[in-house]
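Student: Using this note's numbering, read the sequence shown as starting at 30 and increasing by one per residue.
We treat Cβ as the ideally placed atom computed from N, Cα and C, and that holds for glycine.
The structure presented is a predicted model; accordingly, all values stated were derived computationally and were not measured.
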Amino acid sequence: DGVVVSDEVESNNLDVKIAKPELETEEKGTEEEPPRESDGNILDVSLDYPRDKHISIQRHLCDLEKLADLTEDQKKPCPLCPEEKFRACNSHKLRRHLQNLHWKVSVEFQGYRMCICHLPCHPVKPNLVGDQTASKMGAHYHCIICSATITRRTDMIGHVNRHVNKGETESRFITVRAPSAEVVKEAATDVQVLPNHSTPYKTDSYFNPKMKLNRQLIFCALAVLAEERKPIECLDAFGATGIMGLQWAKHLRSSVKVTINDCNENSVTVIKENCQLNKLKLKLNMKEEGNDETVADGEENPGTIEVTKMDANVIMHLRSFDFIHLDPFGSSVNYLDSAFRNVRNLGIVSLTSTDISSLYAKAQHVALRHYGCNIVRTEYYKELAARIVLAAVTRAAARCNKGIEVLLAVALEHFVLVVVRVLRGASTADDSAKKIRYLLHCQWCEERIFQKEGTMVEENPYQQLPCDCHGSMPGRTAVLLGPLWSGALFNPGFLRRMLLEAVQHGLDEAQPLLKTLICEAECTTLKQFSTHGPAEENKQEECGVYIKTSNTSAESYLVHGKRKGEDGIRGVVKRLKAEHSAEHPPFYYNVHRHSLRGMNMPKLNKFLTYLSEAGYRVSRTHFDPMGVRTNAPLAQFKTVLLKYSTPTYTGGQAEGPVLLSGDVLMGEEAPAAAGSKAEGAEFPEDEESGVAAAVSTHSSPTPCAAD
Numbered sequence: 030d031g032v033v034v035s036d037e038v039e040s041n042n043l044d045v046k047i048a049k050p051e052l053e054t055e056e057k058g059t060e061e062e063p064p065r066e067s068d069g070n071i072l073d074v075s076l077d078y079p080r081d082k083h084i085s086i087q088r089h090l091c092d093l094e095k096l097a098d099l100t101e102d103q104k105k106p107c108p109l110c111p112e113e114k115f116r117a118c119n120s121h122k123l124r125r126h127l128q129n130l131h132w133k134v135s136v137e138f139q140g141y142r143m144c145i146c147h148l149p150c151h152p153v154k155p156n157l158v159g160d161q162t163a164s165k166m167g168a169h170y171h172c173i174i175c176s177a178t179i180t181r182r183t184d185m186i187g188h189v190n191r192h193v194n195k196g197e198t199e200s201r202f203i204t205v206r207a208p209s210a211e212v213v214k215e216a217a218t219d220v221q222v223l224p225n226h227s228t229p230y231k232t233d234s235y236f237n238p239k240m241k242l243n244r245q246l247i248f249c250a251l252a253v254l255a256e257e258r259k260p261i262e263c264l265d266a267f268g269a270t271g272i273m274g275l276q277w278a279k280h281l282r283s284s285v286k287v288t289i290n291d292c293n294e295n296s297v298t299v300i301k302e303n304c305q306l307n308k309l310k311l312k313l314n315m316k317e318e319g320n321d322e323t324v325a326d327g328e329e330n331p332g333t334i335e336v337t338k339m340d341a342n343v344i345m346h347l348r349s350f351d352f353i354h355l356d357p358f359g360s361s362v363n364y365l366d367s368a369f370r371n372v373r374n375l376g377i378v379s380l381t382s383t384d385i386s387s388l389y390a391k392a393q394h395v396a397l398r399h400y401g402c403n404i405v406r407t408e409y410y411k412e413l414a415a416r417i418v419l420a421a422v423t424r425a426a427a428r429c430n431k432g433i434e435v436l437l438a439v440a441l442e443h444f445v446l447v448v449v450r451v452l453r454g455a456s457t458a459d460d461s462a463k464k465i466r467y468l469l470h471c472q473w474c475e476e477r478i479f480q481k482e483g484t485m486v487e488e489n490p491y492q493q494l495p496c497d498c499h500g501s502m503p504g505r506t507a508v509l510l511g512p513l514w515s516g517a518l519f520n521p522g523f524l525r526r527m528l529l530e531a532v533q534h535g536l537d538e539a540q541p542l543l544k545t546l547i548c549e550a551e552c553t554t555l556k557q558f559s560t561h562g563p564a565e566e567n568k569q570e571e572c573g574v575y576i577k578t579s580n581t582s583a584e585s586y587l588v589h590g591k592r593k594g595e596d597g598i599r600g601v602v603k604r605l606k607a608e609h610s611a612e613h614p615p616f617y618y619n620v621h622r623h624s625l626r627g628m629n630m631p632k633l634n635k636f637l638t639y640l641s642e643a644g645y646r647v648s649r650t651h652f653d654p655m656g657v658r659t660n661a662p663l664a665q666f667k668t669v670l671l672k673y674s675t676p677t678y679t680g681g682q683a684e685g686p687v688l689l690s691g692d693v694l695m696g697e698e699a700p701a702a703a704g705s706k707a708e709g710a711e712f713p714e715d716e717e718s719g720v721a722a723a724v725s726t727h728s729s730p731t732p733c734a735a736d
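1) P521 by DSSP, collapsed to three states: which one?
2) Does any C-beta atom of chain D lie closer than 7 Å to the C-beta of T183?
3) Alpha carbon to alpha carbon, what distance is there between E294 and C146?
4) Comparing alpha-carbon positions, which option in M143, C150, N374 lies nearest I174?
5) Is the region 538 to 550 close to the region 455 to 468, with three or more CB pairs under 8 Å?
6) For V439, which residues in the same chain have their Cβ closer than 6 Å to its Cβ, ignoring the five residues on either side in sequence?
7) Does the count of Cβ pairs from the region 510 to 523 and the region 461 to 479 closer than 8 Å reach three?
8) Let's test the definition: count the other Cβ atoms within 10 Å of the Cβ of Y678 and tell me whether it reaches 16, buried, or not, exposed.
9) E475 and R450 - do their beta-carbons sit closer together than 7 Å?
10) Look at the alpha carbon of C739 and the alpha carbon of H192, and state the distance between them as a whole number of angstroms.
11) Taking 6 Å as the cut-off, is the beta-carbon of R244 closer than that to any non-hydrogen atom of the ligand ATP?
12) Considering only C-alpha positions, which residue in the set Q472, D102, I86, L148 is nearest to E113?
13) Classify S386: buried if its beta carbon has 16 or more other beta carbons within 10 angstroms, exposed otherwise.
14) Mapping the DSSP letters down to three states, classify P5 as helix, strand or coil.
15) Locate the alpha helix (DSSP H) running through I377, then write down its first and last residues.
16) Excluding the 5 residues flanking V213 on each side, which residues of the same chain have their C-beta closer than 6 Å to its C-beta?
17) Whole angstroms are fine: how far does the CA of A414 sit from the CA of V422?
18) Using C-beta distances below 7 Å, list every residue in its chain close to H443, excluding the 5 sequence neighbours before and after it, in chain order.
19) Please name the residue or residues paired with T337 in a DSSP beta bridge.
20) Does the Cβ-Cβ distance between I344 and T333 come in under 7 Å?
21) Could you round the C-beta distance between D351 and R428 to whole angstroms and report it? I think they count as a contact, below 8 Å.
22) Is T650 near G644, with beta carbons less than 7 Å apart?
23) Below 6 Å CB to CB, which residues in the same chain sit around V205 once its five sequence neighbours on both sides are set aside?
24) Quick one: what's H169 bridged to in DSSP?
25) Going by the DSSP bridge assignment, what does H470 pair with across the sheet?
26) Residues in its own chain within less than 6 Å of T288 by CB, not counting five upstream and five downstream?
27) Which whole-angstrom value describes the C-beta separation of Y639 and Y673, a residue pair presumed to lie in contact below a C-beta threshold of 8 Å?
28) Only counting the same chain, and skipping five residues up and downstream in sequence, which positions put a Cβ closer than 6 Å to that of L242?
29) What residues are listed by DSSP as bridge partners for L441?
30) Return the first residue and the last residue of the alpha helix (DSSP H) that T650 is part of.
31) Using DSSP with H/G/I as helix, E/B as strand and the rest coil, what is D219?
32) Which of helix, strand or coil does DSSP assign to K301?
33) Have a look at V285 and I377 and give me their C-alpha separation to the nearest angstrom.
34) Specify the secondary structure class of D352 as computed by DSSP and reduced to three states.
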């Protein structure tokens, strides 16, 4: 940093230089014994000499021994280990330590050996505190090409191989140069990313283009909240490149006060550069350089962004926000308590969980460890994952005397997104906690039902299941899953307003999904889907509170948690209980999972119509493209599916046993399935496709007996 180095440090620096002649090194090393505290200074001074390699990189074992100066019969410390890890010892013991611990596990490259280093020069993970920090300080390698620090030997070998594949085989021993950044544009927002931006833990600017739909859904939720009250303070706790916070500030402008946080210093630098690239005002942290900066003079600055560098738990403990989004790499359970601690009343907390291996029941022991939930692989595993996350969110909010109202729960291929509204009060927290229940799941027929409320133990819990598998099958047929969230997963009014925001801002990818979610929330088909008219839009009610919209002409009000508005909220809730539509049925059935062998199923849309005409609520689901969400029991579901299925082969008489076996199978279902034969006249007949004739010959065996 321009400071004159003392003679003692200079001598230490000469000790670690391998490029100098060995005779000069020995002369300087014997003049004065370097103290043990100078190991940190060696690393600091080496930064000022970019052409010097790290002391852990040597050609021969004797060069490594010369660093410790084993010629004298005195106790010497290890040059690659801190004093608290390896104390000073005699020369023979230190020589054995260098050979077994450092030299044998080294990585070879072009005649050099990159030995393992235990000095405190590797960055510590920010989420580790206390005693875990010291254990993570050592055991790393220094790359001979780019001077990067890598913990595992296998990762170091792969890292060097990538350098070789790129043609970077010359060991120049210089500090790593900033790789050329490419500019990626998404939703009229430009961000600079590094070439390896799609690999987490390998880059400081992680950017996943596959999460575009996730970012659009979160933007729509924030835009709806911005219509309710302005301005709102929103936080992107894990900024990375800052793409999400930049989109908020660029499109919502003065309606939001955006704070982008990241604990990585390099990521904070990238976020500031992206703010300048998008011509946004940058409000620096008070602990940093101080004054605010205005970028692009003469042009309009649509928003102001504050960039902070601290742990996500710390910033959520220190400050209050109206909107918080959590998107860590993996599970977000470590940040839930901090998120609900200071979030404002009627605020929104959204979180994205990417630990799908545990949530999708591939690593069940990890789900038990992180979420305290017992799960198995089922046909509705994606909805099960969403309810697992919601149960953890509910418990975290209840610990802060807050309840939640679920606005949105989406589980797609590689992430689970949950958006909830926060309601202050112990009573709302109790109501939310009561919705966490266990689930009874039959492993034979995939039937499922939530356990009843109460603390009394039932003599035969199998009686709660609609199926009769326990009576006809030996042994135990059901498992107990959970605890899970048993309430609704969607808020239709909030989803419709999200759809309006998606149309207004031109978010084409989010619009089809939002339409599917609205139909799923109301348990209707897409043919019956229609946007709210002006009269219905003014009656949108969420959490017992009227929400003001852009087309609202009547007087609306917002309740910000003041005590004088609680009576009004209770009155609205009591008045709208009768008008509020029933919640959507929990879980769904996969049509292919319950199809019959030797039978062709009807088209999925036609099958939805058949179920609807039979008197059941029915809709498709975004969790499964072949899934059907309905309140019909599984026995009735199979009965309707069998009724409108046609045989695979219709030409010969060999299909007769298939039809008879189908009749026998249908007769062995629940009693409700047997009773459905008498109600066959209620189902419509498709004369054009010839389904009616096949169904009539299949439903009654009387003509066969007469023949």
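Tutor: If we stick to the structure as given:
1) As a position in the sequence shown, residue 521 is number 492, starting the count at 1. Correct three-state label for P521: helix.
2) Among the chains in the structure shown there is no chain D, since it carries only a single protein chain.
3) In the sequence shown, residue 146 corresponds to position 117, counting from 1. In the sequence shown, residue 294 corresponds to position 265, counting from 1. Taken atom to atom, the span from the alpha-carbon of C146 to that of E294 is near 23 Å.
4) Walking along the sequence shown from the start, residue 174 turns up at place 145. Closest in C-alpha terms to I174, from the list M143, C150, N374, comes M143.
5) With a cut-off of 8 Å on Cβ pairs, the region 538 to 550 is not in contact with the region 455 to 468, counting fewer than three such pairs.
6) Walking along the sequence shown from the start, residue 439 turns up at place 410. The answer, listed in chain order, is L446.
7) Between the region 510 to 523 and the region 461 to 479, the count of Cβ pairs shorter than 8 Å is three or higher; the stretches touch.
8) Here the question's residue 678 lines up with position 649 in the sequence shown. Residue burial annotation: Y678 is exposed, with fewer than 16 other C-beta atoms found within 10 angstroms of its C-beta.
9) Walking along the sequence shown from the start, residue 450 turns up at place 421. Walking along the sequence shown from the start, residue 475 turns up at place 446. No.
10) Missing from the structure shown is residue 739; the chain here goes from 30 to 736 and no further.
11) As for the ligand ATP, it is missing from this structure, which has no ligand bound.
12) Stepping through the sequence shown from its first residue, residue 113 is reached at position 84. For the options Q472, D102, I86, L148, the alpha carbon positioned closest to that of E113 is the one of L148.
13) Looking up residue 386 in the sequence shown gives position 357. Counting Cβ neighbours within 10 Å, S386 comes out exposed, since fewer than 16 surround it.
14) This structure cannot settle anything about residue 5, because the visible part of the chain is limited to 30 through 736.
15) Translated into positions along the sequence shown, residue 377 becomes position 348. Looking at the DSSP string, I377 is not in any alpha helix (DSSP H); the run it does join, the beta strand (DSSP E), is 377 to 382.
16) As a first step, residue 213 is located in the sequence shown; it is residue number 184 there, counting from the start. Within the same chain, Cβ atoms closer than 6 Å to the Cβ of V213 are found at V220, V222, the five residues on either side in sequence being excluded.
17) The count along the sequence shown starts at 1 and reaches residue 422 at position 393. The count along the sequence shown starts at 1 and reaches residue 414 at position 385. When rounded, the distance between both Cα atoms is 13 Å.
18) Taking the first residue of the sequence shown as position 1, residue 443 is located at position 414. The beta carbon of H443 sits closer than 7 Å to those of K239, T383, I385, all from its chain and outside the five residues before and after it, given in chain order.
19) In the sequence shown, residue 337 corresponds to position 308, counting from 1. Its beta-bridge partners are N290.
20) Within the sequence shown, residue 344 is the residue found at index 315, counting from 1. Within the sequence shown, residue 333 is the residue found at index 304, counting from 1. With contacts defined as CB atoms closer than 7 Å, I344 and T333 fail to qualify as a contacting pair.
21) On the sequence shown, residue 351 is found 322 positions in, with the first residue counted as 1. On the sequence shown, residue 428 is found 399 positions in, with the first residue counted as 1. Not really, about 21 Å apart at Cβ, beyond 8 Å.
22) Sequence index remark: in the sequence shown, residue 650 carries index 621 (1-based). Sequence index remark: in the sequence shown, residue 644 carries index 615 (1-based). Against a cut-off of 7 Å, the Cβ pair of G644 and T650 comes out as no contact.
23) If you number the sequence shown from 1, residue 205 lands on position 176. In this prediction, V205 has a pLDDT of 39, which is less than 50 and means its spatial position is unreliable; what the coordinates show is noted afterwards. Answer for V205: C175, S176, listed in chain order.
24) Within the sequence shown, numbered from 1, the residue matching residue 169 stands at position 140. Assignment of beta-bridge partners to H169 by DSSP yields C146.
25) Walking along the sequence shown from the start, residue 470 turns up at place 441. R477, V508.
26) Mapped onto the sequence shown, residue 288 falls at position 259. Counting only Cβ-Cβ distances below 6 Å, and skipping sequence neighbours, we find L264, E335.
27) On the sequence shown, position 610 is the one that residue 639 refers to. On the sequence shown, position 644 is the one that residue 673 refers to. At roughly 5 Å, the Cβ-Cβ gap stays under 8 Å, so Y639 and Y673 are in contact.
28) Counted from its first residue, the sequence shown places residue 242 at position 213. Contacts found: E538.
29) Numbered from its first residue, the sequence shown carries residue 441 at position 412. Answer is none; L441 lacks a bridge partner.
30) For the purposes of this step, residue 650 is taken as residue 621 along the sequence shown, with counting starting at 1. Neither: T650 is in no alpha helix (DSSP H) and is coded neither H nor E.
31) Taking the sequence shown and counting its residues from 1, the one referred to as residue 219 is at position 190. In the three-state reduction of the DSSP assignment, D219 falls in the strand class.
32) Counting from 1 along the sequence shown, the entry for residue 301 is found at position 272. Collapsing the DSSP output to three states places K301 in a helix.
33) As a working mapping, residue 285 is identified with position 256 in the sequence shown. As a working mapping, residue 377 is identified with position 348 in the sequence shown. Each residue's Cα considered, the two are about 14 Å apart.
34) The sequence position of residue 352 within the sequence shown is 323, counting from 1. Note on residue identity: the sequence assigns Phe, not Asp, to residue 352. If DSSP states are grouped into helix, strand and coil, F352 belongs with the strands.
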